[in-house]
Amino acid sequence: MSERKIRVIVAKPGLDGHDRGAKVVARALRDAGMEVIYTGLRQTPEMIAEAALQEDVDAVGLSIHSGAHMALIPPILELLKANGQEHVKVFVGGIIPDEDIHSLLEIGVAGVYGPGSKTETIIQDIRTAVLGSTT
Amino acid sequence: MDLAASILEGNRLALARALSLIENDTPDGRSVLGKLFPHTGRAHLIGITGAPGTGKSSLVNQLAHSFRLPPVGADPCTVAIVAVDPSSPFSGGALLGDRIRMRDLAGDPGVFIRSMASRGSLGGLAATTSSIVQLFDAAGYDLIMIETVGVGQAEVDIARLAHTTLVVEAPGLGDDIQAIKAGILEIADILVVNKADRPGVENTERALRSMLDLAQKPETAWIPPICRTVATQGAGIADLIAAIRQHRKHLHHSGEWQQRDRTRLRAELELILRETLVSRWRQTITEADFQRAINHLVERRLSPHQAVESLLNGGKP
Chain A
1 MSERKIRVIV AKPGLDGHDR GAKVVARALR DAGMEVIYTG LRQTPEMIAE AALQEDVDAV
61 GLSIHSGAHM ALIPPILELL KANGQEHVKV FVGGIIPDED IHSLLEIGVA GVYGPGSKTE
121 TIIQDIRTAV LGSTT
Chain B
136 MDLAASILEG NRLALARALS LIENDTPDGR SVLGKLFPHT GRAHLIGITG APGTGKSSLV
196 NQLAHSFRLP PVGADPCTVA IVAVDPSSPF SGGALLGDRI RMRDLAGDPG VFIRSMASRG
256 SLGGLAATTS SIVQLFDAAG YDLIMIETVG VGQAEVDIAR LAHTTLVVEA PGLGDDIQAI
316 KAGILEIADI LVVNKADRPG VENTERALRS MLDLAQKPET AWIPPICRTV ATQGAGIADL
376 IAAIRQHRKH LHHSGEWQQR DRTRLRAELE LILRETLVSR WRQTITEADF QRAINHLVER
436 RLSPHQAVES LLNGGKP
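Chains as they are written, first to last, in my numbering: chain A, 1 to 135; chain B, 136 to 452.
Now the structure itself:
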């Protein structure tokens, strides 16, 4: 039996085209031994939830620089729950104002990472959230 | 509720969970597959292989799209896609990017896309890909497309697994000797020249054509057609689908469908037998004996073959 691999989707919901951050994080997670499903730009909440279901992921990483995070993230959380995937941890990266960070964490987002965040922190947080929840 | 029963009822979450159990080669995964195996053997398995950057994912996207929206008179098929990308040999992680090209398929309940990391396996597929395909087959998908890692010269595994193997080429990727080396003739049921709007497409097609003409085949044998496509624009896809349907018909008429099924199951049986025997035998031998055998190799007192011989004869080198 092979070791438990953490599977993560990295997606960019919404309309901004700034995918450098998402690619850097995707690469870092791969180098940390995770299997990263990269779905690319301009994803709708429905597309992200569907991909999370088909790929049976442990975590979803969302990168948003458009300011539309409060419009895009709640539907993703609801769709995951509706699909029976409430165990999937959701992480958000991008430009998120402080007051929104609190609201996001309150509705169930596992972590929010602004500019300057270290990839080591993100990797560690995903590991803790995912492996801690399955033991 | 029982996982196998949920899958037969069309529960997508159950299917996704079971795919993971099988991919991780767990006892639960084996048990689900054991229950569902009688339901396999119906799907048409289509392999798509070729060098990196030839457009395999875009082609799969277009094919699935067209199979879902067939011309009037034909029934739409349900489609499962298994897309394999390489694992990093250093970290064991993987970046699976095939979904980027498959956006058009989002929101269609008749399509199920699963990305797989190769997890150290060579030959373009992962070790559990054939089991994953069996699960999709049992779940009732009519067509299963298997996209290999973009390797280029070692895709024999896919020809063994699939009923119909598409080898994807693109203009400007090396001369005809490359094509001969890669053994395309042996594995291709259909040759696809993708990116056919690029310069050099005539040369690529001519090289493939002359290779085909050189091959010695009995008259009744299937001659791989060459299809030109521009996957990003959907050009040539209808002809390619016609060729796939034609090949399927040929397999049924010639009896090759059953033959390939038998060959595939035999290969799988042998593989599992080999792995099981080795792991069972490893449990009968102590780590110390094993290390001693390696020491003898390092000291050049035994050759590898002699060491195996003595290990098998009681484990005392």
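Glycine included, each C-beta is placed from N, C-alpha and C at the ideal position.
- Under DSSP, the beta-bridge partners assigned to D220 (chain B) are B:A252.
- Residues of chain B with a Cβ closer than 7 Å to the Cβ of T39 (chain A) are, in chain order, R234 and I235.
- Rounded to whole angstroms, the separation of the alpha carbons of S253 (chain B) and S266 (chain B) is 14 Å.
- Looking at the backbone, the Cα of I407 (chain B) and that of K352 (chain B) are separated by about 33 Å.
- When secondary structure is reduced to three states using DSSP, F202 (chain B) falls in the helix class.
- Inclusion of S226 (chain B) and R30 (chain A) in the CB contact set at 8 Å is warranted, their separation being smaller than that value.
- Separation of T283 (chain B) and N146 (chain B) (C-alpha to C-alpha, rounded to the nearest whole angstrom) is 27 Å.
- Annotation: Cβ neighbours of R27 (chain A) in chain B (cutoff 8 Å, chain order): L230.
- For M34 (chain A), the neighbours in chain B by C-beta distance under 7 Å run, in chain order, G228.
- In the three-state DSSP reduction, T184 (chain B) falls in the strand class (E or B).
- Under the three-state reduction of DSSP output, T264 (chain B) falls in the helix class.
- With a threshold of 16 other beta carbon atoms within 10 Å, Q393 (chain B) falls short and is exposed.
- Between the alpha carbons of P360 (chain B) and I293 (chain B) lies a gap of roughly 19 Å.
- In chain order, L148 make up the part of chain B whose C-beta sits under 8 Å from the C-beta of G84 (chain A).
- The three-state secondary structure of L156 (chain B), taken from DSSP, is helix.
- Secondary structure of S438 (chain B) (DSSP, three-state): coil.
- Around the beta carbon of A377 (chain B), fewer than 16 other beta carbons lie within 10 angstroms, which makes this residue exposed.
- Within the model, the alpha-carbon separation for K191 (chain B) versus L400 (chain B) is close to 26 Å.
- In terms of beta-carbon proximity, S223 (chain B) lines the interface with chain A, with at least one pair separated by less than 8 Å.
- Between A323 (chain B) and T300 (chain B), the C-beta spacing is below 8 Å.
- For S250 (chain B), the chain A residues whose C-beta falls within less than 7 Å of its own C-beta are I37 and E55, listed in chain order.
- Residue state for G21 (chain A) is assigned as helix, using DSSP reduced to three classes.
- With three or more CB-CB distances shorter than 8 Å, the region 73 to 93 of chain A counts as touching the region 47 to 55 of chain A.
- Residue burial annotation: A442 (chain B) is buried, with at least 16 other C-beta atoms found within 10 angstroms of its C-beta.
- S155 (chain B) reaches chain A at D56, counting residues in chain order whose Cβ is nearer than 7 Å.
- No Cβ of chain A is located within less than 8 Å of the beta carbon of F425 (chain B).
- Rounded to whole angstroms, the separation of the alpha carbons of I123 (chain A) and A68 (chain A) is 25 Å.
- Relative to L308 (chain B), the option among B:H298, B:A297, B:R333 and B:G232 whose CA is nearest is B:R333.
- For G369 (chain B), the nearest beta carbon of chain A is not closer than 8 Å to its own beta carbon.
- Beta-bridge annotation (DSSP): S226 (chain B) is not paired with any residue.
- In the structure shown, R417 (chain B) adopts helical secondary structure according to DSSP, grouped into three states.
- The three-state reading of DSSP puts R363 (chain B) in strand, counting E and B together.
- At a Cβ-Cβ threshold of 8 Å, L231 (chain B) and D56 (chain A) do not count as neighbours.
- The C-beta distance from L257 (chain B) to I281 (chain B) rounds to 16 Å, too long to meet the 8 Å contact threshold.
- Counting along the chain, M280 (chain B) sits inside the beta strand (DSSP E) bounded by residues L278 to E282.
- DSSP places T339 (chain B) inside the alpha helix (DSSP H), whose first and last residues are V336 to L349.
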